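5 is the number of the first residue of the sequence shown in this note's numbering; add one for each residue after it.
Glycine included, every Cβ here is placed at the ideal spot set by N, Cα and C.
Predicted model only: the values in this text are computed from it and were never measured.
Presented below is the structure to which this report refers.
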Amino acid sequence: TDNPLWGCRRISGELKKLNIDIHDTTVNKIIQTFRKQGKIQPNGSWKKFLKSNWDSLFGMDFMTIDTLLGKRFYLFIILELKSRKIVRYDLTEYPTREFVKQRIELFSEEQPSKKTLIYDNHQRPHQGINRIPDGEINKAIGNIKKERILGGLHHHYYRSSA
């Protein structure tokens, strides 16, 4: 509790310096158990990040639409999180990497004051859209950090204040 911003890897590393060999996933399980028991309070860093950046956060994702005739369409949505307003949407039968790249570029042109694109490389069975688009979309402002979730099966990206 003295160092609430320390991650599981750092705690595990510090313990190894004391000849206590414990894996970072075990440290994570212990921390989660203590949080559930109320022994450790969440540090609120994610909550603080959302609160301080809420006016400029957007989310994007696909949803599927199946027709009565058995055809499947993919609806690509960009949502302003603050207002929950859909700021851009497009429908396609074949979502491709190029399709997503074009929609992000159009969004960037429509929102010139938005300077940061945070890309979540979530593995989906789409046709190659789970890779970072080629070329420069927008330069990120600040220091973007990558956090592994579920042993690296999923990644979370956030902007560090330092």
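The alpha-carbon separation between K86 and E109 amounts to approximately 21 Å. Excluding sequence positions up to five before and after Y93, its CB lies within less than 8 Å of the CB of L79, F80, I81 and I82, all in the same chain and listed in chain order. In this structure, I69 and F77 form a Cβ contact; the two beta carbons are roughly 5 Å apart against a cut-off of 8 Å. Straight across, the Cα-Cα distance linking T96 with W58 is about 29 Å. Under the three-state reduction of DSSP, R76 is assigned to strand. Under the three-state reduction of DSSP, T37 is assigned to helix. Under the 10 Å beta carbon count, S16 is surrounded by 16 or more other beta carbons and is classified as buried. In summary, R107 is buried, with 16 or more beta-carbon neighbours lying within 10 Å of its beta-carbon over all protein chains present. For the pair G74 and F62, the Cα-to-Cα distance works out to about 32 Å. DSSP places K20 in the uninterrupted alpha helix (DSSP H) bounded by C12 to K21.
Just so you know, the alpha carbons of D28 and E151 end up roughly 13 Å apart. Comparing alpha-carbon positions, the option among V104, N23, N32 and Q41 lying closest to R13 turns out to be N32. Pairing F66 with P99 gives a Cβ-Cβ distance under 8 Å.
Exclusion of the five residues before and after F111 leaves I82 and R92 as the residues of its chain whose Cβ lies within less than 6 Å of its Cβ. For R92, the enclosing beta strand (DSSP E) covers residues K89 to T96. Note: E84 is bridge-paired with F62 and K89 in the DSSP secondary-structure output.
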